[in-house]
Amino acid sequence: MATTSQQLMMVGQRTARHGIPQPYIEVRFPKDTRQRTLDAALHRLYADIELATPESESWDVRIEQLPDVFSFSGGRVYLELAEGTPVEAERAMALLKRLVG
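In this text, residue positions in the sequence shown follow our numbering: the first is 134, and each later residue adds one.
Next up, the structure:
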């Protein structure tokens, strides 16, 4: 998924409950962006991740809206890993990085 001049996408990883890695792509738009535009971007990203995920993976893809902060609004699409192992997290991060380019 390409980044436009008005949109910023970042790949990262946070720690979820019980110390399980949670890879994500965060999308940020200018604060005045319409909610429909943000929702559409997150849903498109969700679909791109689902379609790129190999059949052998069992993680779940989730969408999270982020509260408006300073000059941007946004959200993230993240993976709930099935095993939570470092190897699975590495595969997930590689997939997300390929999508962001």
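Beta carbons: idealized from backbone N, C-alpha and C, even for Gly.
- Excluding sequence positions up to five before and after A185, its CB lies within less than 7 Å of the CB of L228, L232, all in the same chain and listed in chain order.
- When the beta-carbon positions are compared, T170 and S206 stay at least 7 Å from each other.
- The DSSP-derived three-state label of R167 is coil.
- Contact between L212 and W192 holds: CB atoms are separated by about 5 Å, below the 8 Å threshold.
- Residue V210 holds the alpha-carbon nearest to the alpha-carbon of A173 among V210, A222, E216, E223.
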